[in-house]
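Line by line, the protein sequences give chains P and S.
Using this note's numbering, count along the first sequence one by one with no gaps and you end on 210.
Using this note's numbering, count along the second sequence one by one with no gaps and you end on 210.
Even glycine gets a Cβ: it sits at the ideal position worked out from N, Cα and C.
Every value quoted in this text rests on a predicted model; they were computed, and no experiment measured them.
Have a look at the structure below before the remarks.
There are 2 protein chains.
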Amino acid sequence: MEKIKLGVIPLVYPTPIVLIGADVEGRPNFTEVGDCAIMGIEPALVAISLNAAHYTTGGIDGSGTFSINIPHTGQLSITDYCGRVSGRDVDKSALFRVFRGEQTQTPLIEECPVGLECRVRETVQIEQRRIFIAEVLECYVSPSFVAETEGGRRIASLNRLDPILYALDNQYYCVGPPVGVGYQEGVEPTPKT
Amino acid sequence: MEKIKLGVIPLVYPTPIVLIGADVEGRPNFTEVGDCAIMGIEPALVAISLNAAHYTTGGIDGSGTFSINIPHTGQLSITDYCGRVSGRDVDKSALFRVFRGEQTQTPLIEECPVGLECRVRETVQIEQRRIFIAEVLECYVSPSFVAETEGGRRIASLNRLDPILYALDNQYYCVGPPVGVGYQEGVEPTPKT
């Protein structure tokens, strides 16, 4: 083993930067999160993790719903701002045009290219982290980010969506060019000798 | 609301592409996963999701441990191959140099820049998806991906690590240039009118 041990670091990279939305004390609130992932396509599952004491967490506990809003790099400043200030101190509902998920009334951000309306299925608490595993009820996409194809409507390419990446070097990054097609790149390798 | 509804899609993007390692039937096995994320820094938590019937899942159930190995774009072909074939049919331990986590003996991949040794804390089953929430016990990094700084050793930039991204347009992507610094980009915006 020719590795250097860096210690107890959850070094999964990159993380997608998203804005989590929920009503808190009767008002929409949005917080920046990098702890967010797909947990399955069928059923359509996602997971997010928040500090149990944070303002948004209470809103999700109360309603059992939240939204995932995915900004693009042109929205980096306002996204980063939402991670720096608490909804306890700042009315972040005033920063965006808000619309409501049709099934849960959870608040979503009109300006973000993609918004997911989510309903909590399981909650796991580990120390001060509260992890919400949720099913996606609907995926709302801005028209200019939908591609029309022969097979119907589908989401635009990752370069068109232009999401914000984050890594534990504390830098934000954008997405680079495509490097391959899923499940078509693998050829049987020669076993190592 | 000026959105198009695309239906029940867990459209979080991009996902980081990783290779999940576990011993299955006494032999190291590695499978490609995009359902992987940080779930917290302190404690150091990660989450992965696998189909309950898949070969690797049984290995994690048995040992309560697994590894997350993060390939770079130069390893795209072998990574994609690991997602296309099952350990039931192919001995994927023959594809890599394998080393063992010091605390759990879980198998890791020497060739990947970063490997995380993980111990399962919670398991959540939703329909056929098995979600493992785990703590990171150690982060193993290849020496050429460690940056020496005044503050000590830390991980290299995301561009140096050059991970593989994936999105639901079924394309793989690389990482583009930095676009900002975490928690330093946000300025108080003018509220919408």
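The Cβ-Cβ distance between residue 31 of chain S and residue 180 of chain P falls below 9 Å. When Cβ-Cβ separations below 9 Å define contact, residue 189 of chain P makes contact with chain S. Sequence-ordered contacts of the segment 138-150 of chain P with chain S read 138, 139, 141, 143, 144, 146, 148 and 150 [C-beta pairs closer than 7 Å]. Taken through DSSP and simplified to helix, strand or coil, residue 92 of chain P comes out as helix. Under DSSP, residue 121 of chain S forms no beta bridge with any residue.
Under the three-state reduction of DSSP output, residue 160 of chain P falls in the helix class. Close to chain P, meaning a Cβ-Cβ distance shorter than 9 Å, are the following residues of the segment 88-119 of chain S: 90, 93, 94, 95, 96, 97, 98, 99, 100, 101, 102, 107, 108, 111, 112, 113, 114, 116, 117 and 119. For the segment 159-188 of chain P, residues whose beta-carbon sits nearer than 8 Å to a beta-carbon of chain S comprise 159, 160, 163, 170, 171, 172, 173, 174, 175, 176, 178, 180, 181, 182, 183, 184, 185, 186, 187 and 188. At least one C-beta of chain P is nearer than 9 Å to the C-beta of residue 157 of chain S. Per the Cβ contact rule, the segment 168-185 of chain S is in contact with the segment 87-99 of chain S (3 or more Cβ pairs under 8 Å). Interface residue (Cβ-Cβ distance to chain P less than 9 Å): residue 41 of chain S is not classified as such. Contact annotation, residue 35 of chain P with residue 20 of chain S: C-beta distance approximately 16 Å; criterion of less than 8 Å not satisfied. Taken in chain order, the complete alpha helix (DSSP H) segments of 4 or more residues contained in the segment 135-204 of chain S are 175-178. Beta-carbon to beta-carbon, residue 53 of chain P and residue 26 of chain S are separated by about 15 Å, too far to satisfy the 8 Å threshold.
Any Cβ of chain S closer than 9 Å to the Cβ of residue 199 of chain P would place that residue at the interface, and such an atom is present. The C-beta of residue 78 of chain P comes no closer than 9 Å to any C-beta of chain S. Distances from the CA of residue 152 of chain P to each of S:18, S:22 and S:28 were compared; the closest alpha carbon is that of S:28. Counted as a single uninterrupted DSSP element, the alpha helix (DSSP H) harbouring residue 77 of chain S occupies residues 72-80. The DSSP-derived three-state label of residue 43 of chain S is coil.
By the Cβ neighbour-count rule, residue 147 of chain P is buried, with 16 or more other Cβ atoms within 10 Å of its own. For residue 24 of chain S, the enclosing beta strand (DSSP E) has its first and last residue at 21-24. When S:33, S:60, S:69 and S:49 are compared, the shortest CA-CA separation from residue 149 of chain S is found for S:69. Contact check for residue 112 of chain P against residue 84 of chain P fails: the beta carbons are separated by 9 Å or more.
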